[in-house]
Structure formats: structure tokens, C-alpha cells
Amino acid sequence: MPTIFRLLTITTLSIAVIISCGQDKSKKIEKDLANESQQKAEQLKKDFNKAKQVFYSLPSPIETAMLIKRSGVDYDENLLNPLENQSKYVSSYKLAMNLGVYSANISYASIFNQNQTSIKYMAAAKKLAENLGILDAIDQQTVERLENNINNRDSLMDIISETFMNSDSFLKENGRPETASLLIAGGWIEGLFLATQHAKLSPDNEEIIDRITDQKISLQSLIKLLDGYKENKNVAMALENLIKINKIYENFTMVTTDMKSVTDNAERKTLLQAKSDVYHDKAHIEELTTVVDSIRTGIVQPD
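Listed below in C-alpha cells is the structure:
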């Protein structure tokens, strides 16, 4: 049940109990509770919509994997989080972060047509989802669909993207946005890890370097998302790591062009748009690679 509706249900039951205890005060109490309920519901809705905007501004694991392949690098299975680690994750922090990591690994393998590997990692992700209590998002039917479409790359991509979004939506709509934010953070960090490792092997590949520098912009959105749940100790740990990465990105120069009006004749709308470009030097990329590697090692390390 969505958080807002669950809150309203609890409030309604509370009102019923109060009425049975004292008729004289019932009207005032009912009114106060109703006002409080409405305020909380409105705040929850506002927070949810704000978080949703941030979620959708971030690249999904499949999008990040596509950018990596587009740069022309070769697939490297040694970069993936080993499957045997899956059974060694116990804490909710490790389960959520590594579900994000495995989601990125699934996307990476699938983009490079490593279909058998994709299926194995989907099975591992399914077990993590079960331990997190979100098995409905990755069920046996999903794994079977992957197996049945093993030779259809487009179908595999659709299933993987759908599964990732289902996990995210399931968590948010069931009152667990903190866990959802960890899943997103784990996937984002893994995507950056894969990109920086490829850059280390191909330091002259400008396209992969550009993909890495572009992540400075999405990192701001991710930090903003997690900052809203930083009172949760697991989110605070993830946020601390993102801030470490951001300190490196602060050395990258971002230049934003002047606002331009763009008219969509079909929609009869005029929007103001600006373009942001990020500039770097080799030393900063190397420093970023080292920091991301260290953080990622800590994430995939078993409990």
C-alpha cells in the first residue's frame, strides 16, 4: 500500500479509537488529526514527487552500459562483481548497494551480448531482491523470460530495463525510498567504476573519458537525492562515498552556455535550455579512478 494511503488509514483508525474513549473531545481531536494527516500527506506527496524527479534525471545502468560500449572498448568480465559474493551479503546496506551493482553488471554483460552471463547475474540479483523483501520486482517469470529470449538482444535489453525500473518503483511505492536510493547509488557507482577501469586500459579513448566527465552533472542529482534521507545510517554511508567522489569532480571545470529559447511547434511550447560542458585533465581522471576503485571495493566486499 502506498505510504500516503497507509498513513491515511492509520489516522482513520486512530480517530475511531479516540471517539470511543471520549465523545466530548472527539470533534476537536478528529479535526486536529485530520489537519495533521492532511499536512503529512501533502508533505509526503511533495517529497515523493521531488525524489521522483531526481530519480528520472539519473542514467539507468542500461544507459550507462550503452555509453561505455559506444566508446568502442572491449568487454572485460573480470570487472564484474563475482557471482559467489552474492551469498555473502547480509546487511541491508550491502544487499541494496550490490543489487544496484549487479543491475549494472547485468546491463554491461547484455550490451556486449554476453547473454549467459546476464542470466546468471539476474539470478543472483533475484536472490538479493528476495533477501531485501522485494522479490515481486524480480520473480522467477522474469528469469524465465530472459532464458527464453537469450538470442534476442533487443528483448533482453527491454527485460533488464523493465526489471530495474520495477525494483525502483516497488521500493518507492512501498515506503522504502531509502533502500531505493541505495540501489540507485550502487548502480551509479558501478557504472562509473566500469567506465574508469576501461579508461585506465584505454587512456587515449576520448569518448570514454567524456562519459566519465559527464557524470559530474548526474552526481549532483544523486547527492541531492540521498541527502534527503541522510538520517538513515545506510544512506549516510553511501552519501559519504559520493561526497568523496564529488571532491574529485570539483577539480573538473564545468562551463554552462547562455540560455536559449527553443520552440516546440507541435506542442506549442517554448523552453529555455542551456548546455553544460565539463573539462578535465589526465591527473584528475587518474585520481578519480583510484578513489572510485577504493569505494567500489568496499561496496562489493562481503559482510
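Going letter by letter, the sequence shown gives residues 16 to 318 in my numbering. Glycine included, every Cβ here is placed at the ideal spot set by N, Cα and C.
{"Query": "Taking the Cβ atom as the reference point for each residue, do I77 and I204 lie within a distance shorter than 8 Å?", "Result": "no"}
{"Query": "Skipping 5 residues on each side, what residues in its chain have a beta carbon closer than 7 Å to that of Y117?", "Result": "N96, Y136, A139, A140, L143"}
{"Query": "Just to confirm my understanding: we take V69, look at its own chain, exclude 5 residues before and 5 after, and list those with CB closer than 7 Å. What are they?", "Result": "Unreliable placement is indicated for V69, whose pLDDT of 49 sits below 50; no coordinate value is reported for it."}
{"Query": "Which of helix, strand or coil does DSSP assign to I25?", "Result": "Note that I25 has pLDDT 37, beneath the 50 cutoff, so the model's placement of it is unreliable and no number is given."}
{"Query": "Suppose you measure from the CA of K262 to the CA of A200; what does that come to, to the nearest Å?", "Result": "17 Å"}
{"Query": "Can the beta-carbon of D318 be found less than 8 Å from the beta-carbon of V105?", "Result": "yes"}
{"Query": "Comparing alpha-carbon positions, which option in F267, T211, L303, I258 lies nearest V88?", "Result": "T211"}
{"Query": "Since L209 and A111 are thought to touch, with beta carbons under 8 Å apart, how far apart are those beta carbons, to the nearest angstrom?", "Result": "About 19 Å separates the two Cβ atoms, so there is no contact after all."}
{"Query": "If contacts are defined as beta-carbon pairs under 8 Å, then V306 and I258 qualify, I think. What distance do you get, rounded to the angstrom?", "Result": "With 8 Å as the limit, V306 and I258 do not qualify as a contact, their Cβ atoms being about 11 Å apart."}
{"Query": "Cutting at 7 Å between CB atoms, please list the residues of its own chain near Y244, excluding the five before and the five after it.", "Result": "P192, E193, S196, V250"}
{"Query": "Leaving out the 5 sequence neighbours to the left and right, which residues in its chain are closer than 8 Å to N113 when beta-carbon positions are compared?", "Result": "N96, N100, Q101, Y104, L143, G201, I314, V315"}
{"Query": "Buried or exposed: where does Q230 fall if 16 or more other Cβ atoms within 10 Å of its Cβ makes it buried?", "Result": "buried"}
{"Query": "Count the other CB atoms, across all protein chains shown, that sit within 10 Å of the CB of N11; report buried if there are 16 or more and exposed otherwise.", "Result": "With the chain covering only 16 through 318, there is no way to say anything about residue 11."}
{"Query": "Between the alpha carbons of Q131 and L98, how many angstroms are there, rounded?", "Result": "13 Å"}
{"Query": "Which whole-angstrom value is the C-beta distance of S302 and S86, which I expect to be below 8 Å?", "Result": "It is Glu, not Ser, that sits at residue 302 in the sequence shown. Not confirmed; about 20 Å, so no contact."}
{"Query": "Taking the C-alpha atoms as reference points, what is the distance between A298 and S233?", "Result": "21 Å"}
{"Query": "Taking the alpha-carbon positions, what's the N247 to L198 distance?", "Result": "14 Å"}
{"Query": "If we count the other Cβ atoms within 10 Å of its Cβ and call it buried at 16 or more, is T24 buried or exposed?", "Result": "Caution is warranted here: a pLDDT of 37 is assigned to T24, below 50, making its placement in the model unreliable, and no coordinate value can be reported."}
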